[in-house]
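In this note's numbering, the protein residues as written are 2 to 196.
Yeah, the Cβ is synthetic: ideal placement off N, Cα and C, and Gly gets one too.
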């Protein structure tokens, strides 16, 4: 019996192509079964999914911009990851305004810091997005806005504030001018010659 096993074992390399063919042939039913199961699963999933009903667009409110004389009064920072509790807060955008730059202000330098005052109080959390002079909208966030390397000239800041609870959006606009960096002009000294 051991001799037969040795002979069978020694003959395997000669029969290797036949063994590979049989193994490959036996995998075909397994692959077909997996394919059919996936197709049935996709059909069942798409048939069971509810069709979303169209919803009304959120109400958009445009508020006039008011300038505060004390930018820090009433400021309530929104948490980095706000949790919206709709039972405990008013589901609208709370009092919000662009504190600086002021309407028509000329900003010196190539950095513009946008100060937004959002008094959350009893209102649900909100996030905002901005664009400068009709460019693309930024992503929503609740952080301060600093614009670096902004070109000189008149600019229009569009700000949209969105309630996280209801999706209501409030739009604000601010016009200002960027004057750029002021570089001092060197004055000539008595020893300088302009020939």
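query                                                                                                                             : result
Touch test, the segment 162 to 174 against the segment 112 to 129, Cβ-Cβ under 8 Å, three pairs minimum                           : yes
Whether residue 1 touches residue 95 by CB criterion (8 Å)                                                                        : The requested residue 1 does not occur in the structure, where the chain is confined to residues 2 to 196.
Local Cβ density within 10 Å of residue 37, reported as buried at 16 or more and exposed below that                               : exposed
N-terminal and C-terminal residue of the beta strand (DSSP E) that residue 169 is part of                                         : Run containing residue 169: none; DSSP gives neither H nor E here.
Residues bridged to residue 107 [DSSP beta-bridge criterion]                                                                      : 178
Own chain residues within Cβ distance below 6 Å of residue 157, not counting five before or after                                 : 134 and 176
Identified DSSP bridge partners for residue 142                                                                                   : 129
Proximity to residue 144 [Cα-Cα], best of 181, 21, 16 and 118                                                                     : 118
Residue 118: first and last residue of the uninterrupted beta strand (DSSP E) it sits in                                          : 112 to 119
In DSSP terms, what residue 124 is bridged to                                                                                     : 91
is_contact[residue 21, chain B] using C-beta, thresh 8 Å                                                                          : The structure shown contains no chain B; it holds only a single protein chain.
Proximity to residue 90 [Cα-Cα], best of 39, 137 and 122                                                                          : 122
Residue 157, DSSP secondary structure in three states                                                                             : strand
Chain-order list of residues whose beta-carbon lies under 7 Å from that of residue 106 (same chain, five-residue window excluded) : 177
Residue nearest to residue 116 in terms of C-alpha spacing, selected from 155, 98 and 180                                         : 98
Counted within 10 angstroms of its Cβ, other Cβ atoms place residue 170 as buried (16 or more) or exposed                         : buried
Whole-angstrom distance between residue 22 and residue 12, CA atom to CA atom                                                     : 17 Å
Residue 99: first and last residue of the uninterrupted beta strand (DSSP E) it sits in                                           : 97 to 101
Of the listed residues 155, 147 and 92, nearest to residue 104 (C-alpha basis)                                                    : 155
Same chain, Cβ closer than 6 Å to residue 102, neighbours up to 5 away in sequence not counted                                    : 108 and 177
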